[in-house]
Amino acid sequence: MGLIFWAIFLLILFPAKGLTAEPLNLKKAKELALAHNPTLKAAISQEEAARAGITRARSAFFPQLDIREIYQRSDSPVYVFSNKLAQQYFQARDFDLDRLNHPSALTNLKTEISVTQPIFNRGQEIVGYRKAKIAAEMARLWKEAVRQRVLYEAEAAYLRLLLARERVDVVEKAVETARKNLKVVSARVSQGLALRSDLLQARVFLATQERDLLAAQNDVQVARSRLNVVLGLPLETTWLPQKVSLAFRKVEPLAFWITKALAHRPDLLAEQARLRLAEEDVRGAKLNFGPAVNLRGVYEYNSEGIGGVQGDAFTIWAQVDLNLFRGFGDKARLAEARAKELAQTSKLRAYEAEVKHQVEKAYLNLLTARKQVEVTEAAVAEAEEGLRLVERRYREGLTIIVELLDAQTALKKAQLQHLEALYNYRLALTELYFRAGILSGGEK
Numbered sequence: 114m115g116l117i118f119w120a121i122f123l124l125i126l127f128p129a130k131g132l133t134a135e136p137l138n139l140k141k142a143k144e145l146a147l148a149h150n151p152t153l154k155a156a157i158s159q160e161e162a163a164r165a166g167i168t169r170a171r172s173a174f175f176p177q178l179d180i181r182e183i184y185q186r187s188d189s190p191v192y193v194f195s196n197k198l199a200q201q202y203f204q205a206r207d208f209d210l211d212r213l214n215h216p217s218a219l220t221n222l223k224t225e226i227s228v229t230q231p232i233f234n235r236g237q238e239i240v241g242y243r244k245a246k247i248a249a250e251m252a253r254l255w256k257e258a259v260r261q262r263v264l265y266e267a268e269a270a271y272l273r274l275l276l277a278r279e280r281v282d283v284v285e286k287a288v289e290t291a292r293k294n295l296k297v298v299s300a301r302v303s304q305g306l307a308l309r310s311d312l313l314q315a316r317v318f319l320a321t322q323e324r325d326l327l328a329a330q331n332d333v334q335v336a337r338s339r340l341n342v343v344l345g346l347p348l349e350t351t352w353l354p355q356k357v358s359l360a361f362r363k364v365e366p367l368a369f370w371i372t373k374a375l376a377h378r379p380d381l382l383a384e385q386a387r388l389r390l391a392e393e394d395v396r397g398a399k400l401n402f403g404p405a406v407n408l409r410g411v412y413e414y415n416s417e418g419i420g421g422v423q424g425d426a427f428t429i430w431a432q433v434d435l436n437l438f439r440g441f442g443d444k445a446r447l448a449e450a451r452a453k454e455l456a457q458t459s460k461l462r463a464y465e466a467e468v469k470h471q472v473e474k475a476y477l478n479l480l481t482a483r484k485q486v487e488v489t490e491a492a493v494a495e496a497e498e499g500l501r502l503v504e505r506r507y508r509e510g511l512t513i514i515v516e517l518l519d520a521q522t523a524l525k526k527a528q529l530q531h532l533e534a535l536y537n538y539r540l541a542l543t544e545l546y547f548r549a550g551i552l553s554g555g556e557k
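This is the structure we're talking about:
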């Protein structure tokens, strides 16, 4: 008994972390999502990779410095002759035909330092640098698109969790009412004022409400799990979500939102950048017909070994390559780039139309959601009044239990529909901001 007492005492004093629910508001939920969501982290890493691509592309403008070390030992006449020249140790006797044709093996240690300075390589450096900057801009825009989607999904999951919890409250009240009904009907049956069939119907009604309560409680667990997925946290993390404002907001006309979307939607701006990328491909294909110009310098040091003969030399040259004919491959490359540019232009036009459609749909959904709130609010008032009248008639013995249960069911349904409408309105408002590309982490 003593061990059990102390075990219970320790559990009370130091409750398990998984059993305690942490308070959570919408702002904190968004902050957690931005800090831990794995999809957003991936987008951030992709942007960093794209920025590194700019540095890599810029490096093409700088000189390339290489050092090479070569060890060679050979009795090949060609190698021996050239290595003696490189070591600056060629003598008159080396012109002897027998020595030329059958030289002794010679060792040569060669250190070579080379510098290559690109001047113009058919525009590869310029076009590559421009494309890298556009790619980095696209990565930044896609990161922003992912960020806004994460914010939208975080708020949607948060609202669904709140809605699920409020559904539980409504159904719990319905269960409590059903239990009171059962007591009243039992008393009336005992007094001979009701039939046993009424008692059976009251029990069935209570069982139905308890089943609905279990389903509502399970929905809370599912909504909590979904929220944790979006937040990038363990699925078993529990929360005590704080309520949000469900009041109506003043909404600007549709044209305002479409203008915002065309100017701010990061995914649309990324598609525009993709078109610029295609334009750079066309530019690169045109420049590919031009020349390639490079400067190069080489310093070499040749020796027979430590303490042996040695010599050094340098060479500087400029190289120009002219593109005369490559089997029509360059022409085909230009045609391909132009076709892809036209294709991206058409895709961009279609994407702009899709963005406008999404904004209009979100705007109309918001108007519908607002009207639905008003309709369901009136339905709740009517259901409450109807239930009040039926309850009075039932107490007076002027109606049957079925009508009472139907009235209670109608009220529960109306209350749940009103809750759904309220949260749908808030979510529709959030979606409109999201579709317009102006969803932020703060309150709207």
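Note that our numbering has the sequence shown beginning at 114, numbered continuously upward.
No residue lacks a Cβ here, since even glycine has one placed at the ideal position from N, Cα and C.
- Cβ-Cβ distances below 7 Å link L400 to R235, G236, V240 in the same chain, with the five nearest sequence neighbours on each side left out; the list follows chain order.
- Here A463 is not near D380, since their CB atoms are 7 Å or more apart.
- According to the DSSP secondary-structure assignment, N401 is paired through a beta bridge with no residue.
- A residue is called buried when at least 16 other Cβ atoms come within 10 angstroms of its Cβ; A134 does not meet this threshold and is exposed.
- P366 carries a coil assignment under DSSP once its states are collapsed to helix, strand and coil.
- If you ignore the 5 residues before and after L178, its C-beta comes within less than 6 Å of the C-beta of V228, all in its own chain and listed in chain order.
- Under the DSSP definition of a beta bridge, P354 partners with L137.
- If you check the CB distance, E182 and T224 come in under 7 Å.
- Taken through DSSP and simplified to helix, strand or coil, L435 comes out as coil.
- Taking all protein chains shown into account, Q185 has fewer than 16 neighbouring C-beta atoms within 10 Å of its C-beta and is therefore exposed.
- A direct Cα-to-Cα measurement between L408 and L147 gives close to 49 Å.
- In terms of CA proximity to F547, H377 leads the group K363, V283, H377.
- In the three-state scheme derived from DSSP, where H, G and I count as helix and E and B as strand, D188 is classed as coil.
- The beta carbon of L518 is closer than 6 Å to those of F318 in its chain, skipping five residues each way along the sequence.
- Residue pairing of Q423 in beta bridges, as defined by DSSP: S416.
- When DSSP assignments are scanned along the segment 285-326, no uninterrupted stretch of alpha helix (DSSP H) that is 4 or more residues long falls wholly within it.
- Only residues of its own chain outside the window of five on either side were considered, and among them N294, L295, V298 have a CB closer than 6 Å to the CB of A315, listed in chain order.
- Annotation: the continuous beta strand (DSSP E) that includes E225 extends over 219-234.
- Boundaries of the alpha helix (DSSP H) around L542: 514-548.
- In the DSSP assignment, G499 falls within the unbroken alpha helix (DSSP H) covering 442-508.
- The C-alpha of A456 is placed about 40 Å away from the C-alpha of K363.
- With a threshold of 16 other beta carbon atoms within 10 Å, V503 meets it and is buried.
- Within the same chain, Cβ atoms closer than 6 Å to the Cβ of L348 are found at S338, N341, the five residues on either side in sequence being excluded.
- Buried is the label assigned to L479, since at least 16 other Cβ atoms lie within 10 Å of its Cβ.
- It is roughly 55 Å from the alpha-carbon of R212 to the alpha-carbon of Y242.
- Minimum Cα-Cα distance from E544 among the listed residues E266, A162, Y202, E509 corresponds to E266.
- For E349, there is no enclosing alpha helix (DSSP H), as DSSP marks it with neither H nor E.
- With respect to the C-alpha of A398, the residue from E417, L327, K453, T351 having the closest C-alpha is K453.
- DSSP lists R409 as the beta-bridge partner residues of W430.
- Boundaries of the alpha helix (DSSP H) harbouring L153: 151-171, taken from the DSSP string.
- Annotation: the continuous alpha helix (DSSP H) that includes L213 extends over 210-214.
- In the three-state DSSP reduction, L178 falls in the strand class (E or B).
- Annotation: R387 to L532 spans about 43 Å, alpha carbon to alpha carbon.
- In this structure G166 touches A248 by the C-beta definition: roughly 6 Å separates them, less than 8 Å.
- By the Cβ neighbour-count rule, T168 is exposed, with fewer than 16 other Cβ atoms within 10 Å of its own.
- In this structure, A549 sits near K373, with a CB-CB distance shorter than 7 Å.
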